[in-house]
Amino acid sequence: MQWTYHASKKPSAVFISDWLEADIALVITEDLEKAGRLKEVEYKDEFDTAWTKKQLKKLLKEVEEEPQDVTIFFDGGHLKEEGIAGIGVAIYFRQGKKFWRLRANLKLEQFESNNEAEYAAFHEAVRQLDELGVHHQSCVFKGDSLVVLNQLSGEWPCMEENLNKWLDRIEAKLDKLKIIPVYKPISRKDNQEADRLATIALEGKAIFSKSEIAGSKEPYQP
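In structure tokens form, the structure reads like this:
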């Protein structure tokens, strides 16, 4: 947020804070107002959209029961001879004061490589976010495919036409939902849940579940 500090009989000064959670920014604003030092304030989100205090409070009220603090694990497996892919997705999020986990997998046909399966898993993750109503926020995507994560982040070029098509579809979907992806590579060991879901899909077993994480008091942090 950006605010103007006001001191009696002295020049005002403009300050810009580091990135803050919206509710924390409001608390700081109200503290400055109580001290009589706040002249004016403007909030800006990650999309450079400006908000007044009234607008921000209204927004927080509206999204109170929407999914927040979203972390996604994805993985894909491929059987080369059969041309079959199995994809797995695990999504952890907070909704209100409760914490949830969504698990999903799919068996897909006519796939050329394991990298394509990984892209399909990432795309399915974004599709599930859309179904959950996730939008206008940062989401953390974790996977063990350096190819997919580095190509999506722009660190590595994507030269294969079929992978570029998946990349374009994913970027279009993220842009539509106004989701800012945070890419975090992890080891195969730390991605066991999504890997298991993908393996089960290859065996022809479909899974889809959404369950509350009982007793959790904070977002999932592996």
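Reminder that position 207 of the sequence shown reads as 207 in the UniProt record's numbering, one-by-one numbering, no gaps.
We treat Cβ as the ideally placed atom computed from N, Cα and C, and that holds for glycine.
Because the structure is a prediction, the values reported are computed rather than measured.
Under DSSP, the beta-bridge partners assigned to leucine 79 are Ile84. By the Cβ rule, the region 178-196 counts as touching the region 58-78, because three or more pairs are nearer than 8 Å. The criterion of a C-beta distance shorter than 8 Å is satisfied by valine 126 and lysine 173. Looking at the DSSP output, alanine 214 shares a beta bridge with no other residue. The continuous stretches of beta strand (DSSP E) do not include phenylalanine 111, and DSSP gives it neither H nor E. In the structure shown, glutamate 46 adopts coil according to DSSP, grouped into three states. Between phenylalanine 208 and proline 181, the CB-CB gap reaches or exceeds 8 Å. When DSSP reads this structure, asparagine 105 sits in a beta bridge with Gly88. Secondary structure note for isoleucine 179: its beta strand (DSSP E) is the uninterrupted segment 179-185. Contact between arginine 103 and alanine 90 holds, with the beta-carbon distance rounding to 5 Å and staying under 8 Å. Note on tryptophan 166: 16 or more other CB atoms within 10 angstroms of its CB, so buried under the neighbour-count rule. The continuous alpha helix (DSSP H) containing serine 153 extends over residues 146-153. Secondary structure note for lysine 142: its beta strand (DSSP E) is the uninterrupted segment 137-143. Inter-segment contact for the region 141-151 and the region 93-110 is absent: fewer than three beta-carbon pairs are separated by less than 8 Å. Short of 7 Å from the beta carbon of glutamine 128, and not among the five residues preceding or following it, lie these beta carbons of its own chain, in chain order: Val89, Ile91, Leu102 and Ala104.
Of Glu82, Lys57, Phe15 and Leu177, the smallest CA-CA separation from histidine 135 is found for Leu177.
At the C-beta level, serine 153 and tyrosine 183 come within 8 Å of one another. A straight-line Cα-Cα distance of about 29 Å links glutamate 82 and tryptophan 156.
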